[in-house]
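Following: one structure in structure tokens, then a few remarks.
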Amino acid sequence: MGETVTSGRVLLVDDEQLIRAGLRAIVDSEPDLVVVGEAGDGAEVPGLVARLAPDVVLMDVRMPAVDGIRATTHLMSTVDKPPKVIVVTTFENDDYVYDALLAGASGFLLKRARPEEIVSAIRTVLAGESLLFPSAIRRLAATHSRGAGRDGLAAAGLTERERDVLRLMAGGLSNVEIAGELFLGVQTVKTHVGNVLAKLGARDRTQAVIRAYESGFVTPTG
1 MGETVTSGRV
11 LLVDDEQLIR
21 AGLRAIVDSE
31 PDLVVVGEAG
41 DGAEVPGLVA
51 RLAPDVVLMD
61 VRMPAVDGIR
71 ATTHLMSTVD
81 KPPKVIVVTT
91 FENDDYVYDA
101 LLAGASGFLL
111 KRARPEEIVS
121 AIRTVLAGES
131 LLFPSAIRRL
141 AATHSRGAGR
151 DGLAAAGLTE
161 RERDVLRLMA
171 GGLSNVEIAG
181 ELFLGVQTVK
191 THVGNVLAKL
201 GARDRTQAVI
211 RAYESGFVTP
221 TG
């Protein structure tokens, strides 16, 4: 008997129907993913999320009525267990992208991304154990860094081991890769990552890395 495949439920939000159709074809072609709904504007997102319970929302960042940033902010502040949000944009250095990450998005996709990149991105945020496009997120975070100095996260009370884990998270390493670097078990790394997120008040790895850069704890060269 074959194994039961658990599908990741995906909601598509974009004001261009052609874009939604293309994304639906890509996502629905995968055995472990399924599109459960579509929206043409961010205003429709709260009702669809409540009704369809998606695991991931592919969210256009620029829409005419309610943009992806406002829609993401609303989700993160009103839903007990919000879905992962991947913002979809034309330009990776767009300030809208950084604002969306601050609002709670787990990462972003470029509209010119290849089908395999889109599928990989969805699976990455579903797994939650590595950053989505870490180098691009690091560049954005570094560009917006406030440069508060190396002790910028001192108030969070991170242990030395948790600081080590956060530095490696900021480098884009997965839990397995961090375990190899620090000679720890993967479950131990997961525990440290959980502690880091809790102490920083971060929803996920992306939020933690952004805070590490903004505080100056991690710098573009360090």
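Counting from 1, one number per residue, gives the positions in the sequence shown under full-length UniProt numbering. Heads up, the beta-carbon is just placed ideally off N, CA and C, and yes, glycines get one too.
Run through the DSSP bridge pairs and tell me what residue i is partnered with.
{"i": "residue 89", "result": "110"}
{"i": "residue 59", "result": "13, 87"}
{"i": "residue 33", "result": "8"}
{"i": "residue 38", "result": "12"}
What's the C-alpha gap between residue i and residue j?
{"i": "residue 127", "j": "residue 57", "result": "15 Å"}
{"i": "residue 138", "j": "residue 203", "result": "17 Å"}
{"i": "residue 2", "j": "residue 99", "result": "Note that residue 2 has pLDDT 44, beneath the 50 cutoff, so the model's placement of it is unreliable and no number is given."}
{"i": "residue 17", "j": "residue 211", "result": "35 Å"}
{"i": "residue 172", "j": "residue 124", "result": "12 Å"}
{"i": "residue 119", "j": "residue 7", "result": "13 Å"}
Of all Cβ atoms in chain D, is any one closer than 7 Å to the Cβ of residue i?
{"i": "residue 206", "result": "Looking for chain D here will not work: only one protein chain is present."}
So residue i packs on residue j, CB below 8 Å; how close in whole Å?
{"i": "residue 196", "j": "residue 208", "result": "6 Å"}
{"i": "residue 72", "j": "residue 105", "result": "5 Å"}
Sequence ranges, alpha helix (DSSP H) only - wholly within the UniProt domain "HTH luxR-type" (151-216), length at least 4: List check, alpha helix (DSSP H) in window: 160-170, 175-182, 186-200, 205-215.
Within 8 Å, do at least three Cβ pairs link the segment 185-197 to the segment 164-171? Taking a cut-off of 8 Å on C-beta distances, the segment 164-171 touches the segment 185-197, as three or more cross pairs fall below it.
Using a Cβ distance threshold of 8 Å, determine whether the segment 128-136 contacts the segment 93-110, with at least three qualifying pairs required. Judged by Cβ distances under 8 Å, the segment 128-136 makes contact with the segment 93-110, as three or more pairs qualify.
Report yes or no: do three or more beta-carbon pairs, one from the segment 40-60 and one from the segment 81-90, lie closer than 8 Å? Per the Cβ contact rule, the segment 40-60 is in contact with the segment 81-90 (3 or more Cβ pairs under 8 Å).
For the pair the segment 22-30 and the segment 39-55, tell me if three or more CB-CB distances fall below 8 Å. No: the two stretches stay apart, fewer than three of their Cβ pairs being nearer than 8 Å.
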